[in-house]
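Rendered as structure tokens:
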């Protein structure tokens, strides 16, 4: 059906020529779901765009072929290629909110494909579009067909996107992170829909994702990519039962879940190499625990060491498979028990955060968006409270409001006591004192450090502001000690944030928060912008720090894996209210509330036990 | 000793140069800035433009040191009497170009001409005839203009061009030698690198521009003492001299007006974006009011006010040049006061974005004061917008000056500017026979200046706003590989 | 949506009040009527009597804001502020410093001004969009490169050059159209052809580059990639998807063009001898007639605000996100 051979894609970037995809080969049969997984920047999305020849201006396919039913589409003239796009091969993009034309009705956007590739015109095409909307599960399709994208929810938009992709009955559909931008419950529905439609249309599907759990649910075969190359290909069952490449093995170990509670996650040190270089050896060598001289001397080939299971690793060349697996097994380390003292650090009672809606000429307040509407919880020293919920549930607002960051923009009522002291009534000096006890770590490591400040300035700013009593000399010492604590060398002090990777930046952000010796850290999705391998490093660090400093975390996240792994208590939030609060064990195993159960059921898991 | 005169615009110009020097020093020490400027330095169009701008800047600087020459002691005045100074304020440039400045004809003459453009009654050999009289300063050394003119012109041009070529070649070798020393390669290797455009800084383009400039200067230098290279205007003044004098006016307007917008734009833009709410409403209201008044009218209103002020206080200005300069200075200030709205709007939008960023929130969580956040986190991160807008607006202001002068609310009529030149060209084009050289000179100088500024500005924008790099036009690279996306499809 | 427009209109009135107060302060407090009189009568030594007489003739002898000597409501109305600023809202412009009725002049001159401005604006918009779309369509080819280079060069040329050279070329040399003047009926086209053409050409470079950026910005968006993934041709992508979306920011930017249009009209009208508001204003500036300049500030802002509101309305029509919410 689809046969890709040696597909190589180059991108012209500021840092030189980047080989985003390097000699990618794979085949997909009719009716098969093939998953291409890998962390961000591994080239999986570029591969998808290369297949359809939709690369950005700076990119080009520099070698290789893509055969669709025996025709090499890389050689087709552009006009012929257009007949392929949407008709033979179509694609579903990640971000439904930007991938649809905002000023065109969804109906028009669907009929456009139908009229382009089939004989249907006018009312017949509209009828077909209505039919497709129905098939992708949009209620009242006759009415909704005249809606604009902004009138639909994120999930509905992605359904429309699917309808567009499938409207001309393509043979192959590429789904590029189709559920990543969606909430977990919606995610489950969309996946289910995709699987159902794929079966009924007898299409081949190339699923591109970073989420191993999704792969486990839907794919028949899997290829794992690392730094532009496929490092492992296998049947899905085989892959999950017997991951072989050291990278794959470690990635599974780095995934947080309940079973790993109390243990350190296997973290892969370092980060992905940049692709603007010539590799003389294995691309994973620098991060690999099994590295030998052989790895650095020549790039390893992709070798099929068991029927249908190929790995790009010297460990599997010329040795028996069993031995090889043995060699890359992972060393676990148990975490020391948390040093909880039981003192309450944060006590939130009946908290409400209402954002005013201003309207009219004089911006009168006509109503409120009740982002947080009556939330109560307590958090003790050395403990982690995970605040979970879907987007828009108000969980981030809670964190920011508690830190008194929303004073000017929202109406806040209820009480939040930090170490017994009410925060709302504080001003000036008292508030500054309180700020020493509570700090925050943000989600986006690229936005959380001022790009125009050196690391030293970033780390010292907080100390200088909140601890004016600390002498400059002592301040400098403290900064060096902090860096050590988060696992960075002190020679980074004179560098700027852009010189660091995402994981390193997040370490710096944590160091900045620790600079004033807080008792509470609000961690607002601290790992959701990071790849699994880096996430593990940060989670380990956070737990280590909690043990050493008895700091309490208010951990805001939507990632259940992380919650299951490190939370002591869990609070489930929905539409500004807490639907359920309790110990992690209780919530995860015996959820009381319907919504909690729905959420837990929707979370994709590696093992579907 | 002549009496030194510091005009208001002179002082601001010196301060501006000092500020530029300080910025250069600061940029060299800051990696992010250094990197961005390195990108500018690698752009051949921008660097060629910079060479041209450098020449213009040199002219403007020379024209910004003013003095009043001492008058020779009148006979019969006691030795201890106070020294008398001329009522004329001159600049160093005036002194350097004293020849062309003082070479005044009666009226129009064509470029490089030897005769006046209009007939006059003359007494030749006792008879009244009407003919074109010889110019006083246009080829006075020629005996028979009909016979000698062409030969003289060719000879002098050749000498001038040769001189220019020599200077250019010397410069070329000097750059190659300096580069060779700096990089540690041989001079031959260095020359080759320049020729094959393999240097990081586009030396070849810069040197070619400099060579063109040198040839032009050499040519002018060889001919100017003997001819009016660009002809003369209605009152017989040398056009080229006026065009050169106009450069300072253009640069002063461009830079001063831009400078004057900055305080308003930065303060209001950041305050509105940072505090939002009521503060934002008020500031938005102010700049909407300001920008809803057609700017010409607003400026006209202001300028009429200044004129009243100047007329009412004649005692404040000792010489005509000082009076004209105050008008130039205030005009630039007015352009600033009336023109800050668009930059403020941009800065407001940028600040709105920044305040949502996590590092600003982190600073808040650290209890950093609002002023501290704005100064340390917002201002440095919006400065690139300020820089981009400042260089982009510069050329617009130069163009705007011409329009304002035409409307009658521009610079003082006695100040040389492109606007006043174009203004007079209007009647000259309607004349029969037509006078075209005034317009041509103004056009050539103005387009060169504006184009150079624009090319430089767009390189600055690309360096400081990486997003805009995507909008740069690319010539198709032949055989750039097969199977490119639909995007690059050649129709 | 209706309430949105009403709100915009109310805001427009508020802005107009601001403009009015601002000009009042500028014209009557920065300079006193005495200064104006002195300047208008001319000469350095003007007798106080002459100044007083000049002021009385034009009503500038009244107090600025508060007439304590007048009875009742006249305390407020019998002032310069009321006469010269508040009355503007009733479109009562009073008489110019030289004694002519400004309102009458404006009514006479609005027609010719519109006759130049509207075609310049609409045809200009069309030409610029076509030119910039062509640049975008031929991107990454030599055609784009040279089109871009020409646009940059055109941008560096002062509009005055376009007028001077245009007049010289078309009127004096080729004698295709009259140099200047204005007449009704079919002659209108003859007289307007050149000003409109020059008005368009002088703005073409800068605006084409600006619009090109807008189009390119849209082309980089995800939905364009979706459209291409459907197998649509580049023309269909450009016209059906990109154009519609790019028109929204372009609409906003046309507001920015409106004051330029006014400026263009100013010099254009005076160069071509069109008896419109622009030439009226220029004459007033040269004659230092403060009353006319003040009135024209008001009219100019009014036109700008009307443009602003029209833009808002067209934006609401063009953007379903605003229209339907």
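Chains as they are written, first to last, in my numbering: chain F, 26 to 634; chain W, 4 to 494; chain X, 570 to 894.
We put the CB at the ideal spot given by N, CA and C, even for glycine.
Excluding the 5 residues flanking residue i on each side, which residues of the same chain have their C-beta closer than 8 Å to its C-beta?
i, result
"residue 756 of chain X", "none"
"residue 804 of chain X", "706"
"residue 337 of chain F", "254, 255, 256, 257, 270, 307, 325, 326, 327 and 328"
"residue 642 of chain F", "Nothing about residue 642 of chain F can be reported from this structure: the residues present for chain F run from 26 to 634 only."
"residue 480 of chain W", "Caution is warranted here: a pLDDT of 45 is assigned to residue 480 of chain W, below 50, making its placement in the model unreliable, and the coordinate value is therefore given only provisionally. Answer for residue 480 of chain W: no residue qualifies."
What are the boundary residues of the beta strand (DSSP E) that residue i is part of?
i, result
"residue 430 of chain F", "From DSSP, residue 430 of chain F is part of no beta strand (DSSP E); its letter is neither H nor E."
"residue 254 of chain F", "254-260"
"residue 130 of chain W", "130-134"
"residue 505 of chain W", "Summary: the structure shown does not reach residue 505 of chain W, with chain W confined to residues 4 through 494, and so no result is reported for it."
"residue 250 of chain F", "246-251"
"residue 618 of chain X", "No beta strand (DSSP E) contains residue 618 of chain X, which is instead part of the alpha helix (DSSP H) from 617-627."
"residue 84 of chain F", "84-93"
"residue 49 of chain F", "41-53"
Can you round the beta-carbon distance between residue i and residue j to whole angstroms, since I take them to be within the 8 Å contact cut?
i, j, result
"residue 590 of chain F", "residue 409 of chain F", "Their Cβ separation, rounded to whole angstroms, is 10 Å, which puts residue 590 of chain F and residue 409 of chain F out of contact at 8 Å."
"residue 411 of chain W", "residue 855 of chain X", "5 Å"
"residue 651 of chain X", "residue 593 of chain X", "Not a contact, Cβ separation roughly 11 Å."
Who are the near neighbours of residue i in its chain, counting only those whose CB is closer than 7 Å to its CB and skipping five residues on each side?
i, result
"residue 481 of chain F", "504, 518 and 519"
"residue 541 of chain F", "461, 464, 487, 488, 491 and 492"
"residue 806 of chain X", "793, 796 and 797"
"residue 226 of chain F", "191 and 194"
"residue 459 of chain F", "443, 446, 448 and 451"
"residue 328 of chain W", "10, 11 and 12"
Closer than 6 Å by C-beta to residue i: which residues in its own chain qualify, once you throw out the five before and the five after it? Chain order, please.
i, result
"residue 260 of chain F", "246 and 333"
"residue 353 of chain F", "The predicted model places residue 353 of chain F with a pLDDT of 49, which falls under 50 and marks its position as unreliable, so this point remains unresolved."
"residue 87 of chain F", "33 and 35"
"residue 853 of chain X", "861 and 862"
"residue 406 of chain F", "366, 368, 370, 575 and 577"
"residue 355 of chain F", "Residue confidence for residue 355 of chain F is low, a pLDDT of 49 falling below 50, so the modelled location carries little weight; the figure read from the coordinates is stated next. If we look at residue 355 of chain F and ignore the five residues flanking it on each side, its Cβ neighbours are 278 and 291."
Between residue i and residue j, is the Cβ-Cβ spacing less than 7 Å?
i, j, result
"residue 234 of chain W", "residue 112 of chain W", "yes"
"residue 358 of chain W", "residue 290 of chain W", "no"
"residue 763 of chain X", "residue 737 of chain X", "no"
"residue 441 of chain F", "residue 427 of chain F", "yes"
"residue 621 of chain F", "residue 597 of chain F", "yes"
"residue 746 of chain X", "residue 759 of chain X", "yes"
"residue 200 of chain F", "residue 51 of chain F", "no"
"residue 2 of chain F", "residue 78 of chain F", "An answer regarding residue 2 of chain F cannot be provided, because it is not within the stretch 26 to 634 covered by chain F."
"residue 225 of chain W", "residue 159 of chain W", "yes"
Please report the residue range of the alpha helix (DSSP H) in which residue i lies.
i, result
"residue 676 of chain X", "671-706"
"residue 153 of chain F", "147-160"
"residue 339 of chain W", "323-341"
"residue 203 of chain W", "Where residue 203 of chain W is concerned, there is no enclosing alpha helix (DSSP H), given that its DSSP letter is neither H nor E."
"residue 608 of chain X", "602-610"
"residue 2 of chain W", "What the structure shows of chain W is the stretch from 4 to 494, and residue 2 of chain W is not part of that stretch, so it cannot be assessed."
With DSSP as the reference, identify every bridge partner of residue i, one or two as the case may be.
i, result
"residue 12 of chain F", "Because chain F spans 26 through 634 in this model, residue 12 of chain F falls outside it and cannot be assessed."
"residue 392 of chain F", "F:382"
"residue 71 of chain W", "W:6"
"residue 465 of chain F", "F:547"
Starting from the beta carbon of residue i, find every residue of chain B whose beta carbon is closer than 7 Å, and list them in chain order.
i, result
"residue 362 of chain W", "Considering every chain present, this structure includes no chain B. Its protein chains are F, W and X."
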